[in-house]
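Residue numbers (my numbering), protein chains in the order written: chain A, 308 to 934; chain B, 63 to 533.
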């Protein structure tokens, strides 16, 4: 008895309520529990024989304490004594889902993955690494396609020690998955779990999954973990944002369509102080705007491909200036090479023929410096992000060494070095009117800088993994960032707050782009699909499937009618964004082409690194020929 | 069970005792444990025996966990999950490796549990670094992981990079003798003078850039820089055009040279005597994807050849097989040409004389083969064209019930109907079987040897047809 009293009674009760549910025999389960815990041997029997009231007391306590927290804490106890229960109950659930009615099965499938993940973690945390491994092998196959990379990270964790320090696992443990279900299927699931007493799984659902019960669930989209709870997310989404573009900027960047109603009151003159556009640039912008071609499904753009040769291993990124005159490549050997197409073309091509060299090596040396490009050297690690300024006079580059450098294009020399990130900087992007720029880094932050200051103006924190890409809103007040945590975030530059979270990709986001009219967002990445979002409501408008490999780059045409995407599969696809965005699309269109796809431009073995519409709506694309 | 050495059981009583202790049954009599041990052994043998049956049925020589689970289910025992793997734990690094490494730094005795723990930790670190390295790979938009990526990842976790691994040619690892799974990097002895004398390696080629028009107003121009491809859109257009027979483009159907040559080769093979060539042609007809454009030509060829060679049974046979090949080809849509082909096939079934000598030439086989083909067509396209089967049946019945038609035609009609299935037979033959028998039986005694033979054939076919109905 003293032993029993010494044990925290509540713990026993919590542990017992499950067992009693199963066996309906309290005394047996009490004994079993105590045995398993190693507190008593055969003595326990005598103890209960001596004092029958003790049993009643326990029973009453159990009945009183039956609330949700009890079931939650139960799971710890279960994991200790029965690793097989994870296998059997998951197996049962799995079979049940397989056999569920077609209409509801897709909803159940969406909840299966979170349960799978937490069953695995449960096994690992109870030091049952062998069972965990078996579990993973048995059931991981069906998630391989969509969650392949997550599974790789999960598989690497097989001791409780590693769980504590693994970033991915702590994210999983500290946050809830969000799953949408219709009321009927939610009831079905609960009934199934309770009827068969799969308390383990019920516990996982209570603890780690937020189920949103909604009528009329048509499609279920996977919701990656964003790091916020559902309620804070809703709060974030209530934050007012204005996607309007001030008339002073519209004048230079948008052809004002007479039909375009000025629905948004232009009260928000840019909150971010903007630099003056100098007169020469103004002239160029106006000229370009007047020569802009209207694009739609009948008049597709012309495309110009910049193919890089002998560089498939070394080249990390390509950037083509907005007028197509300058092309820059960033290389693993820390260098940047810039080609200037404004030079006389013939001269450029035959430059090295003028040299007659004495021996082979000398010629190599001469051609090295005269191949038509200029080399920018300054970084001490592979260079990733590149961005040309509006007037083509400057180039920004970001590198593995954690620095961002500003280069002057006239002198081809380094002007400023911005240090702030301690980890590799994956992407850098000039704001639409220059002066400001944004960086995306391995350190999970996005930072806003101004070119005249070597320390960042804002540090935008919130992503749970590397930030891979960043893009400015045309009105300069917001930036959007895409991350390996499968989410894109919309940030207010003035306050530094995150105001929208777009979650729905299955894999890392590699590129994000805001349409020139400022209302829509497109994101794409390793999961081979492009998602179009409504910026303000954070709702998905369309999912565009068709690419067969990772998508590296997307861009809207300047009139927002066409979306171009460039992928590792060596194709550029053109999508009818106007049709998709006005959402009058015919869902039952049974054409062999994916929905919204206008055209596929195929290259010769050239993965497309970047696509970009010039201000006159010419599509420029860059890729490296891989043999 | 009171002997000292009762039985040589595979499972010792001690095992049972140990198991009992784990469930807190401390004191059990040795005789009890022996009894249990032998019982368990019996059960095990029983299950193994059943499992072996499953193995044999699966025509395998190794017993798998699946077999055992199947056997367990036979005796209403729940299957055991989670055992169906080759190795219990997929650790890339074994405890042995750690032990060997420990020995090299003079730590002779380390506990197995320690080495296992270290092994699993090392594996975790490896995976962690690989994950980071993969990020660098992805950012470099590459599909192969390089040493540079790994070094960059190491730098992230403040580990000194590993130098000297970034050669293009792979390192050669040599196995340590007598040690499983331990390797070392082989250090070749190189002659210094050789290195000095050898010519300098060629400079890598310089990066260059080229521009070209990938598309002009959405259309890809046919220039050498662009690949030659048939976009799905164009393919679709071709299919569409063929679907609408009413719209006849005035333009001639343009066939590529390859297709023309292919057509000539195939038709020559069908007409010729070379069986190998013919077999190859048949195989190609039934599997090739690209022959769709030629289908109308083939259909015309078949119709023409059949009408011109009504007495050449060998060629007719070859043509029938050709049709069969085209129908089997899943990439060919033959429906629009069925109306062209079916009459030719029917000719091969109910034709008056398909050879020189009705008794000896193998035209009977041809009729049967063609009947099977008709049945296949009915099965495949019957749903799409509901009147197909009735029309064919009608042709057969008309041929059969006309006493003026030759007996060879009757034989073909009977075979044709029988190929269409029991239901058809019941429907059209049964009402007429007695009247037809009255017609045919006298003919079997005819003095003309030819008529007598044909009548017997018909009668036999009719019998074969009616046998399944009698059950």
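Note that CB positions come from ideal geometry on N, CA and C, so glycine has one too.
All values reported here derive from a predicted model rather than from experimental measurement.
Cα-Cα separation, residue i to residue j
| i | j | result |
| --- | --- | --- |
| residue 452 (chain B) | residue 349 (chain B) | 30 Å |
| residue 763 (chain A) | residue 756 (chain A) | 5 Å |
| residue 267 (chain B) | residue 735 (chain A) | 29 Å |
| residue 443 (chain B) | residue 388 (chain B) | 14 Å |
| residue 495 (chain B) | residue 521 (chain B) | 11 Å |
| residue 934 (chain A) | residue 912 (chain A) | 7 Å |
| residue 490 (chain B) | residue 401 (chain A) | 53 Å |
| residue 432 (chain B) | residue 493 (chain B) | 25 Å |
| residue 522 (chain A) | residue 490 (chain A) | 7 Å |
| residue 851 (chain A) | residue 903 (chain A) | 7 Å |
| residue 381 (chain B) | residue 364 (chain B) | 6 Å |
| residue 595 (chain A) | residue 581 (chain A) | 22 Å |
| residue 728 (chain A) | residue 931 (chain A) | 29 Å |
| residue 794 (chain A) | residue 690 (chain A) | 24 Å |
| residue 517 (chain B) | residue 506 (chain B) | 5 Å |
| residue 586 (chain A) | residue 593 (chain A) | 10 Å |
| residue 450 (chain A) | residue 235 (chain B) | 36 Å |
| residue 458 (chain A) | residue 447 (chain A) | 8 Å |
| residue 430 (chain B) | residue 322 (chain B) | 33 Å |
| residue 541 (chain A) | residue 686 (chain A) | 42 Å |
| residue 753 (chain A) | residue 404 (chain A) | 41 Å |
| residue 407 (chain B) | residue 436 (chain B) | 7 Å |
| residue 653 (chain A) | residue 925 (chain A) | Only weak support exists for where residue 653 (chain A) lies, its pLDDT of 48 falling under 50; the value from the coordinates is given anyway. Looking at the two C-alpha atoms, the distance is approximately 23 Å. |
| residue 658 (chain A) | residue 648 (chain A) | Model confidence at residue 658 (chain A) stands at a pLDDT of 41, short of 50, so the residue's coordinates are unreliable and nothing is read from them. |
| residue 723 (chain A) | residue 849 (chain A) | 41 Å |
| residue 91 (chain B) | residue 131 (chain B) | 32 Å |
| residue 495 (chain A) | residue 458 (chain B) | 58 Å |
| residue 316 (chain A) | residue 786 (chain A) | Note that residue 316 (chain A) scores 49 on pLDDT, short of 50, meaning its location in the model is unreliable and no value can be drawn from it. |
| residue 896 (chain A) | residue 853 (chain A) | Reliability fails at residue 896 (chain A), whose pLDDT of 47 lies under 50, so the model's placement of it is uncertain and no value is given. |
Whole-angstrom C-beta distance between residue j and residue i, which should lie under 8 Å
| i | j | result |
| --- | --- | --- |
| residue 732 (chain A) | residue 533 (chain A) | Not a contact, Cβ separation roughly 23 Å. |
| residue 694 (chain A) | residue 737 (chain A) | 5 Å |
| residue 397 (chain A) | residue 492 (chain A) | That pair is no contact at about 19 Å. |
| residue 823 (chain A) | residue 865 (chain A) | 5 Å |
| residue 393 (chain A) | residue 442 (chain A) | 6 Å |
| residue 216 (chain B) | residue 191 (chain B) | 6 Å |
| residue 430 (chain A) | residue 439 (chain A) | 4 Å |
Can you give, in chain order, each stretch of the alpha helix (DSSP H) that sits fully within the stretch 428-507 of chain B and has at least 4 residues? 450-463, 469-481, 484-490 and 495-505
Length at least 4, wholly inside the stretch 506-569 of chain A: the alpha helix (DSSP H) runs in chain order: 506-515, 537-545 and 554-560
Relative to chain A, which residues along the stretch 388-400 of chain B have a C-beta separation below 9 Å, given in chain order? none
Determine which residues of the stretch 685-714 of chain A have a Cβ less than 8 Å from any Cβ of chain B, and write them out in chain order. 688, 689, 691 and 707
Contact between the stretch 905-920 of chain A and the stretch 856-876 of chain A is defined here as three or more beta-carbon pairs at a separation below 8 Å; is this criterion met? yes
Under 7 Å, CB to CB, which of the residues in the stretch 757-774 of chain A have a partner in chain B? 773
Mind the definition here: the stretch 776-791 of chain A touches the stretch 822-839 of chain A only if three or more C-beta pairs lie below 8 Å; say whether that holds. yes
Does the stretch 353-363 of chain B come close enough to the stretch 395-406 of chain B to have 3 or more Cβ pairs within less than 8 Å? yes
Counting pairs of Cβ atoms below 8 Å between the stretch 408-427 of chain B and the stretch 364-380 of chain B, do you hit three or more? yes
Answer yes if the stretch 416-436 of chain A comes into contact with the stretch 535-546 of chain A, meaning at least three C-beta pairs across the two stretches below 8 Å, and no otherwise. no
Between the stretch 462-480 of chain A and the stretch 175-187 of chain B, do three or more beta carbon pairs fall short of 8 Å? yes
Please give the ranges of any alpha helix (DSSP H) in the stretch 773-809 of chain A, keeping only runs that are unbroken, at least 4 residues long and fully inside the region. none
Taking beta-carbon pairs under 7 Å, can you tell me which members of the stretch 206-235 of chain B lie near chain A? 210, 214 and 218
Quick check: the stretch 466-476 of chain B against the stretch 404-420 of chain B, are at least 3 beta-carbon pairs closer than 8 Å? yes
Contiguous alpha helix (DSSP H) assignments of at least 4 residues, all confined to the stretch 430-502 of chain A: 436-446, 451-462, 467-472, 474-481 and 490-502
Give the residues from the stretch 608-620 of chain A that approach chain B closer than 9 Å (Cβ to any Cβ), ordered along the chain. 608, 609, 610, 611, 612, 613, 614, 615, 616, 617, 618, 619 and 620
Between the stretch 605-622 of chain A and the stretch 260-277 of chain B, are three or more C-beta pairs nearer than 8 Å? yes
What alpha helix (DSSP H) runs, 4 residues minimum, are completely inside the stretch 195-234 of chain B? 209-218
Check distances from the C-beta atoms of the stretch 169-187 of chain B to those of chain A and list, in chain order, the residues that come in under 7 Å. 182 and 186
Pairing CB atoms from the stretch 813-821 of chain A with CB atoms from the stretch 853-861 of chain A, are three or more of them under 8 Å? yes
Going residue by residue through the stretch 390-421 of chain B, where are the continuous alpha helix (DSSP H) segments of at least 4 residues, counting only ones entirely within it? 400-412
Taking any Cβ of chain B, which residues in the stretch 913-926 of chain A have a Cβ under 9 Å from it, in chain order? 914, 916 and 926
Completely contained beta strand (DSSP E) runs for the stretch 576-639 of chain A, where each covers 3 or more residues: 610-616, 622-627 and 633-638
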